[in-house]
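Engineer: Before I ask anything, let me first share the structure, which is written out below as structure tokens.
Protein chains: 2
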Amino acid sequence: MPLDRRTLLGTWSAMLAAGALGGSTVATATGGTTRFRRIATEEACTTPDVVEAMRALAQGPSPSLDMGLVRSTYVPNPPTRWLAALLDFESERLKIMDAANVDMHVLSLSSPGVQMFDADLACSLATSANDLMADYVRRRPQRFAMLASFAPHAPERAAKEMQRVVDAHKVGGFIINSHTFNEYLDDPKFWAIFEAAEALQRPIYLHPRQPSEGMAVPFMEYSMSSAMWGFAVETGTHALRLILGGVFDRFPKLQLVLGHMGEGLPYYLTRIDHWYPILFREGRVARLKMRPSDYFRRNFLITTSGMETHDVLQFCLTILGADRIMWAIDYPFEDMAPAVRFMDSAPISDADKARIYSGNAERVFHIAT
Amino acid sequence: MPLDRRTLLGTWSAMLAAGALGGSTVATATGGTTRFRRIATEEACTTPDVVEAMRALAQGPSPSLDMGLVRSTYVPNPPTRWLAALLDFESERLKIMDAANVDMHVLSLSSPGVQMFDADLACSLATSANDLMADYVRRRPQRFAMLASFAPHAPERAAKEMQRVVDAHKVGGFIINSHTFNEYLDDPKFWAIFEAAEALQRPIYLHPRQPSEGMAVPFMEYSMSSAMWGFAVETGTHALRLILGGVFDRFPKLQLVLGHMGEGLPYYLTRIDHWYPILFREGRVARLKMRPSDYFRRNFLITTSGMETHDVLQFCLTILGADRIMWAIDYPFEDMAPAVRFMDSAPISDADKARIYSGNAERVFHIAT
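Going down the list, the protein sequences come from chains A and B. Read left to right, the first sequence gives residues 1 to 369 (this note's numbering). Read left to right, the second sequence gives residues 370 to 738 (this note's numbering).
So, in structure tokens, the structure goes:
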């Protein structure tokens with residue numbers, strides 16, 4: 001299939017004009033008496049260059065579980081609702097944000113980002129996407145911020161791109177979509193990335209993608225590799241590998257962000273803390289300076305994306321405190337209005353709500369107040 | 370290495386006599402003013418026959434992640450502390466139970482049970498273990514109950530053994546240690562087991578083992594395949610496969626039990642409920658009669674084994690209610706006294722505590738009150 005970017009863009013422009021996007025029911029947020037600044041921190045987008053590369057990728061074979069998502073999201077013509085929404089920055093997205101009282105989207109390239117392309121293509125796509133997204137942020141600094149992408153499989157070039165986007169675009173954070181060609185970031189060959197993030201004082205959002213090939217089999221039925229289950233297993237496992245691999249002893253100020261209420265880890269911290277010293281005494285795992293949960297509390301923040309249940313929110317507040325939780329929607333895969341209603345109606349203090357809605361994001365992503 | 374059961378038994382008897390077991394600090398339970406009957410529902414044991422077969426298994430090659438556990442637990446001579454404790458029913462176990470105010474152990478064959486042996490051997494070991502354990506239960510019906518084992522990979526023979534142990538020994542439940550040779554029970558070829566359990570009105574405890582080979586790779590470092598993380602991923606994934614595979618539409622009265630506060634599933638129920646209908650509409654998963662969480666609440670109970678944190682307990686009480694939670698220690702892998710202190714000091718009502726400590730176990734495992 002020939003790639004025709006103009007056809008693609010023409011089609012989604014037509015869809016925008018026809019009002020075919022925005023499947024969300026846009027209700028007015030129920031709101032409290034306090035006016036919160038609502039900064040949503042895991043909001044996906046894409047660029048025409050990335051779409052073109054995804055369409056080429058979709059033609060080839062790959063054992064990756066993400067190929068289903070790649071083929072169903074990027075190939076159909078006319079574009080799927082999700083693809084159209086991902087490509088849209090200033091039209092329906094802003095209208096829905098306005099209707100739902102969402103002040104700002106912290107934009108990031110939709111998973112799996114550039115991580116299914118060879119390193120050269122991944123580096124070049126990341127740079128062009130970062131520059132395009134930075135243009136939108138520059139045009140509307142009250143409405144958009146961004147997390148920059150890079151190619152984790154080219155760690156030295158990644159570190160340079162990280163420095164470049166901070167210098168050139170004042171970018172406030174980065175995003176990595178879990179494994180890259182089935183490799184995890186606890187391997188020290190990737191640590192130039194962590195060194196750069198720590199030096200630049202910018203967090204890395206460790207976003208889900210479908211499970212790596214080495215753990216794929218039980219997730220290949222019932223769509224279990226998806227957001228329903230496999231995303232969390234993949235990303236929670238990755239995050240725990242980083243803790244147990246000593247990443248945060250080497251980079252004590254590094255901050256990571258996990259979506260979806262911490263990808264399950266908050267539920268397990270006590271059990272992990274209980275078993276780690278037993279396994280250490282048996283010589284099965286290397287020495288850490290602190291308990292695993294100490295790293296989780298010091299080096300991780302979590303977001304509420306796609307986990308809109310007050311019980312889980314209150315549990316996480318108890319376990320982690322209000323300074324380590326941020327609000328997120330996961331647009332366009334989740335709708336904006338319910339995410340606002342969820343947080344507006346959360347039975348927590350206004351002070352905590354303000355931290356979760358905006359204060360923490362302003363602090364960790366360097367967003368002007 | 371020649372197998373010498375008499376040497377093995379002689380050694381652990383000598384260890385018992387020397388007081389070398391019971392690494393637990395046995396504190397007196399802090400207790401409330403109410404006297405609770407404390408029934409612990411996930412308490413491991415083994416039998417000399419199984420140990421002999423495990424030692425033979427340990428000599429051979431196997432890609433199973435459980436082989437590390439098999440070799441470290443069953444091979445060392447003199448026996449490890451854990452093996453000695455697993456083989457002991459009426460000596461140190463009862464003393465520690467008395468000191469910790471534990472009324473009853475619901476005994477089960479330690480994971481992976483008979484599930485690493487060929488079907489013929491597995492059937493015969495299960496039968497001999499069930500009969501031996503039933504002898505201990507018969508001798509001390511106030512102190513012991515049991516969950517019977519069978520060979521899931523011989524489903525028809527399993528169903529016969531299930532009927533036999535209920536008829537002959539009045540057994541109140543069964544145990545399966547997650548996958549069997551990497552196969553999961555959502556495959557209808559196993560459903561004779563569920564049919565029998567439902568007809569006999571006896572629950573099946575779906576106990577962890579290490580991840581199946583198809584998901585092994587990311588768990589092979591940092592001892593992550595263990596109780597620290599992989600057990601829950603394996604078993605939670607298995608349980609969700611059963612829900613999504615329609616097991617509980619076919620067997621609506623079947624009851625399963627998950628340890629370790631539900632192997633993560635309670636944390637995710639809202640997200641699973643949210644994504645299931647989206648994936649169904651896309652044709653990616655088959656129709657279910659109810660929401661996934663409805664099955665979890667109707668067809669599952671959870672236990673507290675190895676997750677001794679009041680925050681998680683209170684979260685689960687909110688999500689599932691006190692009728693679906695049972696107390697468990699996971700002896701000898703967890704100590705008895707802390708498990709009692711955890712539940713005695715739980716900030717919940719005495720009525721809920723009584724359900725969790727004994728009422729639910731009496732009801733679902735047919736334990737005389």
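We treat Cβ as the ideally placed atom computed from N, Cα and C, and that holds for glycine.
Would you mind giving the Cβ-Cβ distance between residue 92 (chain A) and residue 329 (chain A), rounded to the nearest angstrom? I have them listed as a contact below 8 Å.
Structural biologist: Contact flag wrong, Cβ pair sits at about 14 Å.
Engineer: Measure from the C-beta of residue 309 (chain A) to each C-beta in chain B and report whether the shortest distance is under 7 Å.
Structural biologist: Yes, its Cβ sits closer than 7 Å to a Cβ of chain B.
Engineer: Listed in chain order, which residues of the region 306-331 of chain A have Cβ atoms closer than 9 Å to some Cβ of chain B?
Structural biologist: Of all residues in the region 306-331 of chain A, 306, 307, 308, 309, 311, 312, 314, 315, 318 and 319 have a Cβ within less than 9 Å of some Cβ in chain B.
Engineer: In angstroms with no decimal places, state the Cα-to-Cα distance between residue 363 (chain A) and residue 80 (chain A).
Structural biologist: Each residue's alpha carbon lies about 35 Å from the other.
Engineer: Taking C-beta pairs closer than 7 Å, name the residues in chain B that residue 112 (chain A) reaches, listed in chain order.
Structural biologist: By Cβ distance, chain B contributes nothing, its closest Cβ being about 16 Å from residue 112 (chain A), past 7 Å.
Engineer: Please work out which residues of its chain come closer than 8 Å, Cβ to Cβ, to residue 153 (chain A), disregarding the five sequence neighbours upstream and downstream, and give them in chain order.
Structural biologist: Correct list, in chain order: 115, 119, 122, 180, 181 and 183.
Engineer: Does the distance from the C-beta atom of residue 577 (chain B) to that of residue 600 (chain B) stay below 7 Å?
Structural biologist: Yes, the Cβ-Cβ distance between residue 577 (chain B) and residue 600 (chain B) is below 7 Å.
Engineer: List the residues of chain B whose Cβ lies closer than 8 Å to the Cβ of residue 260 (chain A), in chain order.
Structural biologist: By Cβ distance, chain B contributes 640.
Engineer: For residue 251 (chain A) versus residue 198 (chain A), is the C-beta spacing smaller than 7 Å?
Structural biologist: Against a cut-off of 7 Å, the Cβ pair of residue 198 (chain A) and residue 251 (chain A) comes out as a contact.
Engineer: Helix, strand or coil: how does DSSP classify residue 531 (chain B) here?
Structural biologist: In this structure, residue 531 (chain B) counts as helix in the three-state DSSP scheme.
Engineer: Report yes or no: is there a C-beta of chain B within less than 7 Å of the C-beta of residue 284 (chain A)?
Structural biologist: Residue 284 (chain A) counts as touching chain B.
Engineer: Excluding the 5 residues preceding and the 5 following residue 141 (chain A) in the sequence, name in chain order all residues of the same chain whose CB lies nearer than 8 Å to its CB.
Structural biologist: Same-chain partners within the cutoff: 368.
Engineer: Cα separation between residue 94 (chain A) and residue 643 (chain B)?
Structural biologist: So the alpha carbons of these two residues sit roughly 25 Å apart.
Engineer: Of the residues that make up the region 199-226 of chain A, which ones have a beta carbon closer than 9 Å to any beta carbon in chain B?
Structural biologist: Residues 211, 212, 213, 214, 215, 216, 217, 218, 219, 220, 221, 222, 223, 224 and 226.
Engineer: Within 10 angstroms of its Cβ, does residue 287 (chain A) collect 16 or more other Cβ (buried), or is it exposed?
Structural biologist: Exposed, because fewer than 16 other Cβ atoms sit within 10 Å of the Cβ of residue 287 (chain A).
Engineer: By the three-class DSSP mapping on this structure, what secondary structure does residue 151 (chain A) have?
Structural biologist: If DSSP states are grouped into helix, strand and coil, residue 151 (chain A) belongs with coil.
Engineer: Taking DSSP as the reference, what is the three-state secondary structure of residue 604 (chain B)?
Structural biologist: Helix, per DSSP.
Engineer: Any beta carbon from chain A within less than 7 Å of residue 606 (chain B)'s own beta carbon?
Structural biologist: With 7 Å as the cut-off, residue 606 (chain B) counts as an interface residue toward chain A.
Engineer: Going by beta-carbon coordinates alone, are residue 106 (chain A) and residue 41 (chain A) separated by less than 7 Å?
Structural biologist: In contact: residue 106 (chain A) and residue 41 (chain A) (Cβ atoms closer than 7 Å).
Engineer: Name the chain B residues that come within less than 7 Å of residue 276 (chain A), Cβ to Cβ?
Structural biologist: Here the neighbours are 597.
Engineer: Thinking just about the alpha-carbon of each residue, which of B:604, B:560 and B:608 is nearest to the one in residue 666 (chain B)?
Structural biologist: For residue 666 (chain B), the nearest C-alpha among the options comes from B:608.
Engineer: Are the CB atoms of residue 340 (chain A) and residue 100 (chain A) nearer to each other than 7 Å?
Structural biologist: Yes, Cβ-Cβ distance for residue 340 (chain A) and residue 100 (chain A) is below 7 Å.
Engineer: Let me make sure I understand the geometry here. Which of B:434, B:473 and B:637 has the alpha-carbon closest to that of residue 705 (chain B)?
Structural biologist: Residue B:473 is the option with its Cα nearest to residue 705 (chain B).
Engineer: Given residue 420 (chain B), which residues of its chain have a CB within under 6 Å of its CB, disregarding the five upstream and five downstream residues?
Structural biologist: Same-chain partners within the cutoff: 443.
Engineer: What whole-angstrom Cβ distance do residue 206 (chain A) and residue 235 (chain A) have, given they're in contact under 8 Å?
Structural biologist: Their Cβ separation, rounded to whole angstroms, is 6 Å, which keeps residue 206 (chain A) and residue 235 (chain A) in contact under 8 Å.
Engineer: In angstroms with no decimal places, state the Cα-to-Cα distance between residue 356 (chain A) and residue 632 (chain B).
Structural biologist: If you take the alpha carbons of residue 356 (chain A) and residue 632 (chain B), they lie about 28 Å apart.
Engineer: With distances taken Cα to Cα, identify the nearest neighbour of residue 616 (chain B) among B:547, B:536, B:430 and B:664.
Structural biologist: Closest option to residue 616 (chain B), Cα to Cα, is B:664.
Engineer: What is the rounded straight-line gap between the Cα of residue 204 (chain A) and the Cα of residue 529 (chain B)?
Structural biologist: Taking the straight line joining both Cα atoms gives about 55 Å.
Engineer: On the premise that residue 721 (chain B) lies in contact with residue 691 (chain B), defined as a C-beta separation below 8 Å, what is that separation, rounded to the nearest angstrom?
Structural biologist: With 8 Å as the limit, residue 691 (chain B) and residue 721 (chain B) qualify as a contact, their Cβ atoms being about 4 Å apart.
Engineer: Which same chain residues end up closer than 7 Å to residue 563 (chain B) when comparing Cβ atoms and leaving out the 5 residues on each side of it in sequence?
Structural biologist: Excluding sequence neighbours, residue 563 (chain B) sits near 616, 620 and 623.
Engineer: Would a check of beta-carbon distances place residue 609 (chain B) closer than 7 Å to chain A?
Structural biologist: Taking Cβ atoms only, chain A reaches closer than 7 Å to residue 609 (chain B), which makes this a yes.
Engineer: What separation, rounded to the nearest whole angstrom, lies between the Cα atoms of residue 155 (chain A) and residue 124 (chain A)?
Structural biologist: Cα-Cα distance, rounded: 14 Å.
Engineer: Do residue 343 (chain A) and residue 640 (chain B) count as a contact pair if the criterion is CB distance below 7 Å?
Structural biologist: Contact flag unset, no.
Engineer: Starting from residue 546 (chain B), follow its DSSP beta bridges and name the residues at the other end.
Structural biologist: Answer by DSSP bridge pairing, in chain order: B:576.
Engineer: Within 10 angstroms of its Cβ, does residue 606 (chain B) collect 16 or more other Cβ (buried), or is it exposed?
Structural biologist: So residue 606 (chain B) counts as buried.
Engineer: For the alpha helix (DSSP H) holding residue 684 (chain B), just list the boundary residues, first then last.
Structural biologist: Start and end: 679-689.
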